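Let me begin by presenting the structure, written as structure tokens, before commenting on it.
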Amino acid sequence: MTTVVLPGHVSPFVVHFDDLDAMGIVHNARYAVFLERALSQWWSERGHSYAGGRPTTSDVMHAVAEYSISYKAPVRGTGEIGVHFWVETLGETSAVYRFRILSADGQTVHAEGRRVNVKLDPRTLRPAPWSDDARTHARSLLAPVAEEAA
832 MTTVVLPGHV SPFVVHFDDL DAMGIVHNAR YAVFLERALS QWWSERGHSY
882 AGGRPTTSDV MHAVAEYSIS YKAPVRGTGE IGVHFWVETL GETSAVYRFR
932 ILSADGQTVH AEGRRVNVKL DPRTLRPAPW SDDARTHARS LLAPVAEEAA
């Protein structure tokens with residue numbers, strides 16, 4: 832038997848009318864925006880953001896190297912949802928996020944996916960190591976390894 836521990840963070844999020852397509856469901860392109868906003872808010876609360884048009888730390892200088900998403904059930908209409916994200920792996924210069932878009936009660940998975948970020952040196956735009964501070968915060972999002980129960 833495997834012990835399941837929910838990793839990461841769930842950000843409450845509100846779907847607005849302009850997030851919907853002509854059928855009244857969330858437009859597929861908006862899911863990436865939902866994740867971006869949830870991640871940005873989480874990192875900003877930990878001192879990694881933009882202020883006055885400038886990055887507050889070098890760690891906000893990163894690029895999305897890969898993004899994939901699977902749509903499971905449409906989000907129909909406006910209202911509350913949850914954006915659940917965690918770090919699957921943390922490398923020297925990269926971080927692999929996993930995410931799910933959930934119903935407000937957490938019972939329905941509307942979409943799930945993966946996003947890879949690579950930290951960049953602002954001068955060279957080449958991969959650069961994450962700071963110790965960013966690594967500490969990112970580790971709090973790491974998914975624990977499942978343990979076998981006796």
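Count the sequence shown with my numbering and you get residues 832 to 981, in order.
C-beta atoms are modelled at their ideal positions from N, C-alpha and C, and glycine is treated no differently.
Note that the structure is a prediction, hence the values are computed from the model and not measured.
Closest by CA to residue i, which one among the options?
i: H893; options: S899, T939, S871 and G910; result: S871
i: E919; options: T939, Q938, G944 and E911; result: G944
i: S901; options: D890, Q938, A863 and P886; result: A863
i: L951; options: F848, D849 and V895; result: V895
i: R970; options: V891, R954 and G922; result: G922
i: T888; options: Y898, R877 and Q938; result: R877
i: L937; options: A926, G855, E911 and P953; result: One detail in the question is off: residue 937 reads as Gly in this sequence, not Leu. Among A926, G855, E911 and P953, the Cα nearest to that of G937 belongs to E911.
With respect to the beta strand (DSSP E) encompassing residue i, which residues constitute its N-terminal and C-terminal limits?
i: W917; result: G910 to L921
i: H840; result: H840 to V846
How far does the alpha helix (DSSP H) with residue i in it reach, from first residue to last?
i: A965; result: D963 to R970
i: V864; result: R861 to S875
Rounded to the nearest angstrom, what separates residue i and residue j at their Cα positions?
i: L956; j: R861; result: 27 Å
i: V947; j: A974; result: 15 Å
i: T967; j: V891; result: 15 Å
i: T924; j: A869; result: 21 Å
i: S875; j: P886; result: 10 Å
Going by other Cβ atoms of all chains shown within 10 Å of its Cβ, with 16 needed for buried, is residue i buried or exposed?
i: Y928; result: buried
i: H941; result: buried
i: V857; result: buried
i: F865; result: buried
i: A965; result: buried
i: D850; result: buried
i: A853; result: exposed
Discussion item. Closer than 8 Å is the cut-off here; do at least three beta carbon pairs connect the region 874 to 885 with the region 895 to 915?
Written reply: Output reads no: the region 895 to 915 does not touch the region 874 to 885.
Discussion item. With a threshold of 8 Å, are at least 3 pairs of Cβ atoms found where one atom belongs to the region 959 to 978 and the other to the region 930 to 947?
Written reply: no
Worksheet entry | Three CB pairs or more closer than 8 Å across the region 837 to 856 and the region 908 to 927 | yes
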